[in-house]
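I have placed the structure first, in the form of C-alpha cells, so that the comments after it can refer back to it.
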Amino acid sequence: MNEFTILMHLLSDRSNKFQIGVSKREILNKLNLNGKNESLHFETLITQLSNYIEPLGLQIRFNPLSSHWYLAFQIEASDYVSANPFADKPRLAATLFYTLICCLERLGVAKIQRIKELRKKKRIIDDLKDLEKEGYLELDENLGIVKLTPLIGYQLDINKLIIKLALKLKK
Amino acid sequence: MEEFKDYSEEINRRIEEIQTKVLSGEIVLLDTELVSIFENLKNSLNIDNLNRYSSVYKNAFHLLIQKFEELKILINNIDRKEGFLKFLRLKPPDSEINNLLSGCWVKPFNIESLSFNFLESAKEKLNIKKGNPATIDQVEKMEVKGTFLLEISEQKFTEKMSEFYNRIKNQLPCGFEDIFESEQDQIKIYENFVYLLHLLQLGKIKYQKETNFLYL
Chain L
5 MNEFTILMHL LSDRSNKFQI GVSKREILNK LNLNGKNESL HFETLITQLS NYIEPLGLQI
65 RFNPLSSHWY LAFQIEASDY VSANPFADKP RLAATLFYTL ICCLERLGVA KIQRIKELRK
125 KKRIIDDLKD LEKEGYLELD ENLGIVKLTP LIGYQLDINK LIIKLALKLK K
Chain P
7 MEEFKDYSEE INRRIEEIQT KVLSGEIVLL DTELVSIFEN LKNSLNIDNL NRYSSVYKNA
67 FHLLIQKFEE LKILINNIDR KEGFLKFLRL KPPDSEINNL LSGCWVKPFN IESLSFNFLE
127 SAKEKLNIKK GNPATIDQVE KMEVKGTFLL EISEQKFTEK MSEFYNRIKN QLPCGFEDIF
187 ESEQDQIKIY ENFVYLLHLL QLGKIKYQKE TNFLYL
C-alpha cells in the first residue's frame, strides 16, 4: 500500500452519477500533504503516477467543469466511436454542443430560449429533457434556464474541442 | 559500446519539408507533431555529431517558436466567445457538429473495489512518521609514517562493512546462523562476524537473545 494505490482509488472513485475522481485539495488532505511545497508534491505524484499507468493504457485527466482529477483510458483513433456516448443519437450530441457553447457564454448557465433561437429545431425541450435524464444537465423550466452537470467534462475533452473549433473558425 | 548514427540530414530534411508545407498553407504547425523531431535529436546525439546537431537543433527550435506564435494567435481567438456563437448562427448540420466532437471523446475509468475503510487505514499508516534510513559514516583514513608488515585491504573497513550490511539487510529478520550459512570459507565467516558485531554495536542491526534472531 502506498500513495499511488490511494491515488488510484481516489481518481477512479465515482461519488455519484455525475462525479468521478477527486479535487486537488481532497488529494492533499487524504495524503496528508500540506505546507508550502504541497503543490510541488501534488504535481510530482500526478506526474509519477501518470508515467506508471501509461503502459496500462490509462491516463490522468482534469475535468474543468468540476475541477476534478480522474482516470481515463488512452483512446486510439479507432476507439473514439466506442467512447462516444451519442454514437446513435447525433441529434442529442448536437443539442448538447449548443448547450455547452451557450453555457460557456454565460458562466455555466444558459437560457433555454437562447438555445432554442440558435438551434432552430423542433422539440428542443425534448432533447434537453433526454439529456437531463442521461445526467448531462439540470433543467429549470420555471426559470427557463439550463445548467451543465460535470458529466460531459469527464466524457469529452472540452479543451481539445475548443481548440478544434477555434482552428475551424480560423480557417 | 553502442554505435550512434548521425541522423542530422534526415531530421533537417524533415524540418525543411514541414517549413515548405507551412509556407504553402498546406498544413498548420498547430496540427503538426514536433515531439518526434526532438526525440530523434535527443536519442541520437553524441560527441561526434554534436556540431552538426547544434545547427539542426537551432532549426527545430525555430519551428517550435513558430508553433508557439500560432498558439498565441489561437488563444486570442479562443478568448472571443462571440466567434463560437457565430459558428452556431451558421446553423451547422448535426453531422458537422458530430465531426467536431469526434476525436474528443474520453472513456473514463473507475473502480470501486477499494473500500473507503481500507483507504482510511492506509492513510493512518502513511501518517506514521517514518524513521530516517540507517546511515553508516565513513571513517577517515589517516596517513601514517612507516610501513606495516600486515597486508591491509585497499577498501576501507566501513565500506566493506556497508557492503556486508547491504547484502544481508533484505535477509533480515532471520536466525543468527542463517547469516553465515552460505559461506564456507572460515576466514570469511570470521570477517563477516566482525562486521556483524560492529553493526550490532552501531545499532544498525538488532539481536533478540531469546529467539537467537537478528532484525532491523
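Protein chains in written order, with the working numbering: chain L, 5 to 175; chain P, 7 to 222. Just so you know, even glycine gets a beta-carbon here, dropped at the ideal spot from N, CA and C.
Residue-chain proximity (residue i, chain P), Cβ-Cβ < 8 Å
i	result
N161 (chain L)	What sits at residue 161 (chain L) in the sequence shown is Asp, not Asn. True, the Cβ-Cβ gap to chain P drops below 8 Å.
L111 (chain L)	no
R65 (chain L)	yes
L62 (chain L)	yes
A114 (chain L)	no
I149 (chain L)	no
Beta-carbon proximity list for residue i, same chain, < 7 Å, skipping 5 on both sides
i	result
G181 (chain P)	N218 and F219
Y13 (chain P)	N46 and S50
K126 (chain L)	none
Beta-carbon spacing of residue i, residue j below 8 Å
i	j	result
V150 (chain L)	I119 (chain L)	yes
Y158 (chain L)	V112 (chain P)	yes
K34 (chain L)	L60 (chain L)	no
C43 (chain P)	R19 (chain P)	In the sequence as displayed, the identity of residue 43 (chain P) is Ile instead of Cys. No, these two residues do not count as a Cβ contact at 8 Å.
F93 (chain P)	L169 (chain L)	yes
K78 (chain P)	L36 (chain P)	no
L135 (chain L)	L141 (chain L)	yes
I167 (chain L)	L80 (chain P)	yes
I64 (chain L)	S54 (chain L)	yes
T99 (chain L)	L132 (chain L)	yes
K97 (chain P)	K124 (chain L)	yes
E7 (chain L)	L49 (chain L)	yes
Beta carbon proximity, residue i to chain L, threshold 8 Å
i	result
S101 (chain P)	yes
V28 (chain P)	no
K97 (chain P)	yes
N18 (chain P)	no
F93 (chain P)	yes
G89 (chain P)	yes
L107 (chain P)	yes
K215 (chain P)	no
K113 (chain P)	yes
N49 (chain P)	no
I71 (chain P)	no
L80 (chain P)	yes
Beta-bridge partners of residue i, as assigned by DSSP
i	result
F77 (chain L)	L:L62 and P:K113
A114 (chain L)	L:V150
C180 (chain P)	P:L220
Y213 (chain P)	P:L220
V26 (chain L)	L:W73
L11 (chain L)	In the DSSP output, where bridge partners are listed per residue, L11 (chain L) has none listed.
N67 (chain L)	L:H72
G142 (chain L)	Before going on, a small fix: residue 142 (chain L) reads as Glu here, not Gly. According to DSSP, which records beta bridges pairwise, E142 (chain L) is partnered with L:K151.
R18 (chain L)	L:I24
L160 (chain L)	P:W111
Cβ shell of residue i (< 6 Å), same chain only, five flanking positions each side left out
i	result
A87 (chain L)	I79
Y201 (chain P)	M167 and F170
I211 (chain P)	L205 and L220
Q52 (chain L)	none
Other residues of its chain near residue i: CB distance less than 8 Å, five sequence neighbours each side excluded
i	result
L62 (chain L)	L75, A76, F77 and Q78
E30 (chain L)	L14
Q177 (chain P)	D184 and I185
Distance cut-off 7 Å: residue i Cβ against heavy atoms of the ligand MN
i	result
L49 (chain L)	Of ligands this structure carries none, so the ligand MN is not represented either.
Query raised in the report: Looking at C-beta atoms only, is the number of pairs between the segment 40 to 48 of chain L and the segment 86 to 94 of chain L that lie closer than 8 Å three or more?
Result: no
Query raised in the report: With contact counted as at least three CB pairs below 8 Å, one residue from each stretch, are the segment 152 to 169 of chain L and the segment 12 to 30 of chain L in contact?
Result: yes
Query raised in the report: Are the segment 95 to 106 of chain P and the segment 51 to 69 of chain P touching by the rule of at least three beta carbon pairs closer than 8 Å?
Result: No, the segment 95 to 106 of chain P is not in contact with the segment 51 to 69 of chain P.
Query raised in the report: Counting pairs of beta carbons, one from the segment 103 to 112 of chain L and one from the segment 137 to 153 of chain L, are three or more of them closer than 8 Å?
Result: Taking a contact to require three or more Cβ pairs closer than 8 Å, the segment 103 to 112 of chain L and the segment 137 to 153 of chain L qualify as touching.
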